[in-house]
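What follows is one structure encoded as structure tokens, with my remarks underneath.
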Amino acid sequence: MTDRALILVAAGRGQRAGGELPKQYRDIAGKPLLAWTMDNASQTALFDRIILVVAANDSWAADLPGDAIRVTGGATRTASVRAGLDALRESPPAQVFIHDGARPFIDRDLIQPLIDALTTHDGAVPALAIADALKSDDFTPVDRDRLRRVQTPQAFDYAKIKAAYDALPADASAHDDIAVAREAGLTLAFTPGSERNFKVTWPDDFAKADAMLSPRKLTITGSGFDVHKLEKSEAPLWLCGVEIDSPYTLVGHSDADVGLHAITDALLGAIAQGDIGDHFPPSDPQWKGAASDRFLAHAVTLAREHGATLRHVDLTIICEHPKIKPYRAAMRDRVAAITGLPLGRVSIKATTTETLGFTGRREGIAAQALATVEIKA
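Numbering (the UniProt record's numbering), first residue to last: 1 to 377.
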């Protein structure tokens with residue numbers, strides 16, 4: 001197999017990006033930008049060695065994960081690339097790829113064409129065509145068909161690019177590695193670039209990269225429905241964890257809180273974990289008279305264990321009695337407390353059936369609920 005090394009150049013200060021930290025150490029989607037580049041490069045499984053070139057005073061580099069070989073860079077990109085190439089001198093690879101640490105979206109689709117190109121050329125570079133019309137500063141048209149947007153990694157025969165850098169004056173500062181290779185007369189090829197492979201340069205680029213690197217999330221809604229019988233009793237009537245002043249009570253194995261039962265089933269449905277009876281069977285005496293907030297709290301914990309975050313609850317209570325409006329604020333407060341939701345994401349409504357059916361005859365109360373969760377795709 002061809003011995004292949006990657007040099008990640010990350011010794012710059014990134015002043016155009018703003019911020020107090022050098023841009024390569026700023027957090028994007030939960031970890032430093034440079035860590036994303038290192039991880040994605042490693043995941044290609046195409047490099048035998050990775051050389052990380054950082055500035056002498058970059059204490060942040062010590063906290064980066066991975067087994068890349070750390071090398072101290074120079075005052076210019078050219079000096080830093082020299083340092084990376086020199087680090088490979090004692091055990092030279094056949095091929096070397098030189099990549100900007102601030103381009104985190106390196107992948108196999110980008111690298112494989114470069115590898116293929118090195119079978120016939122001394123060097124290769126990914127590039128993109130230009131779609132926009134181009135003008136010079138005096139509005140003279142520029143032929144965009146002869147221009148390319150050049151990216152990294154730039155790939156080379158190691159011995160030849162090392163010799164090209166060694167031939168440069170000590171204080172040289174080349175625009176990029178292809179410029180050095182061209183000056184040395186190496187044969188070069190373009191390979192397909194990628195719009196994803198952009199260099200994080202400006203402040204707005206951080207938001208773009210964060211959106212691309214953050215885990216994709218799915219929004220899922222589950223539904224729940226429950227009914228309990230009403231009967232006259234001195235026992236308390238519970239709805240949504242609130243005791244209602246009423247001559248009636250709801251009949252059930254637990255406290256028969258039809259509102260919390262419907263929400264619990266909706267949440268269990270959203271995470272595909274059965275229904276309330278699966279978790280709290282009415283045949284089990286330990287749940288006799290149990291407060292239903294325990295059921296909903298269990299469903300919230302279960303959702304969290306399955307990687308889901310509850311985002312919204314919408315409950316409709318269907319009854320002629322009791323009147324829900326006087327208790328609605330207390331119900332919303334209680335459901336918010338049980339679920340951990342902000343109050344603004346707990347909706348509780350009520351309606352009647354215009355005296356029709358069992359709810360219209362005050363024989364029972366029905367409730368239907370929707371629970372919306374967010375889960376990683």
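For every residue, glycine included, the Cβ atom is placed at its ideal position computed from N, Cα and C.
- Is Leu188 closer than 9 Å to residue 430 when the C-beta atoms are compared? This structure gives no information on residue 430, because the portion of the chain shown stretches from 1 to 377.
- Please report the residue range of the alpha helix (DSSP H) in which Ser42 lies. In the DSSP annotation of this structure, the continuous segment of the alpha helix (DSSP H) that includes Ser42 starts and ends at 33-43.
- Task: Check Ala164 in the structure and name its three-state DSSP category.
- Result: Helix, per DSSP.
- Task: Grab me the residues of Thr44's own chain with a C-beta within less than 8 Å of its C-beta, minus the 5 sequence neighbours each way, in chain order.
- Result: Cβ neighbours of Thr44 beyond the five flanking positions: Ile106, Asp107, Arg108, Ile111.
- Where do the ends of the beta strand (DSSP E) carrying Thr221 lie? If you look at Thr221, you'll find it in the beta strand (DSSP E) that goes 217-232.
- So, using beta-carbon positions, are Ile98 and Phe156 closer together than 9 Å? Cβ distance < 9 Å, so Ile98 and Phe156 count as in contact.
- In angstroms, rounded to a whole number, what distance separates the CA positions of Val313 and Lys31? Take the alpha-carbon of Val313 and the one of Lys31: they are about 32 Å apart.
- Whole-angstrom C-beta distance between Leu267 and Asp275, which should lie under 8 Å: Distance from Asp275 to Leu267 at the Cβ level is roughly 11 Å; contact not present, criterion being Cβ atoms closer than 8 Å.
- Is the beta carbon of Ala181 less than 9 Å from the beta carbon of Asp122? For Ala181 and Asp122, yes; Cβs fall inside 9 Å.
- Message: If distances are taken between C-alpha atoms only, which option among Thr359, Pro285, Gly259 comes closest to Ser292?
- Response: The option with the nearest alpha carbon to Ser292 is Gly259.
- Are at least three pairs of beta-carbons, each pair with one atom in the stretch 217-233 and one in the stretch 32-51, less than 8 Å apart? Segments in contact, no.
- Message: Could you pull the DSSP bridge partners for Glu183 from this structure?
- Response: Answer by DSSP bridge pairing: none, since Glu183 is not bridged.
- Message: Can you list, in chain order, the residues of its chain with a C-beta nearer than 6 Å to that of Ala11? Leave out the 5 residues immediately preceding and following it.
- Response: For Ala11, where only same-chain residues beyond five positions count, the Cβ hits under 6 Å are Val53, Val54, Ala55, Gly73, Ser80.
- One or two residues paired with Ser347 in a DSSP bridge: Ser347 pairs with Asp314.
- Item | Boundaries (first-last residue) of the alpha helix (DSSP H) holding Asp210 | Looking at the DSSP string, the run of the alpha helix (DSSP H) that includes Asp210 is 203-213.
- Message: Three Cβ pairs or more, each shorter than 8 Å: is that satisfied between the stretch 279-298 and the stretch 196-208?
- Response: In short, these stretches do not touch, since the Cβ pair count stays below three.
- Task: Kindly indicate if chain D contains any beta-carbon less than 9 Å away from that of Thr140.
- Result: Considering every chain present, this structure includes no chain D. It has just one protein chain.
- Item | Neighbourhood of Leu343 by C-beta distance below 8 Å, restricted to the same chain and skipping five residues each side | Around Leu343: Arg332, Asp333, Ala336.
- Verify whether the separation of the beta carbon atoms of Gly277 and Asp257 is less than 9 Å. Not in contact: Gly277 and Asp257 (Cβ atoms no closer than 9 Å).
- Cβ-based burial, Asp255 [other Cβ within 10 Å; buried from 16]: Buried is the call here.
- Item | Same chain only: Cβ atoms within 7 Å of Thr264, ignoring 5 sequence neighbours per side | Closer than 7 Å at Cβ, skipping near neighbours: Gly224, Ile276, Phe295, Leu296, Ala299.
- Task: Quick one: give me the first and last residue of the beta strand (DSSP E) that Arg49 is part of.
- Result: Residues 49-54.
- Query: Is DSSP giving Ala337 helix, strand or coil here?
  - Reply: Looking at Ala337 - three-state DSSP - the assignment turns out to be helix.
- Message: Using 8 Å for Cβ pairs, my map puts Ala235 next to Thr249. What's the rounded Cβ distance?
- Response: About 4 Å; that satisfies the 8 Å criterion.
- Query: CB Ala308 to CB Ile348, shorter than 9 Å?
  - Reply: Not a contact, by the Cβ cut-off of 9 Å.
- Message: Please classify Arg144 as buried or exposed, where buried requires at least 16 neighbouring CB atoms within 10 angstroms.
- Response: Arg144 comes out exposed.
- Query: Thinking C-alpha only, which one of Lys208, Ala35, Ala209 is nearest Ala62?
  - Reply: Among Lys208, Ala35, Ala209, the Cα nearest to that of Ala62 belongs to Ala35.
- Just how far apart, CA to CA, sit Arg328 and Pro322? Rounded to whole angstroms, Arg328 to Pro322 spans 11 Å at the Cα level.
- Query: Do you know whose CA, among Arg13, Pro65, Asp27, lies nearest Leu213's CA?
  - Reply: Of the listed residues, the one whose Cα sits closest to Leu213 is Asp27.
- Task: Sort out for me which residues DSSP pairs His99 with in a bridge.
- Result: Note: His99 sits in a beta bridge opposite Leu8.
- Can you grab the Cα-Cα spacing for the pair Pro281 / Gly360, in whole Å? Their backbone Cα atoms lie some 29 Å apart in a straight line.
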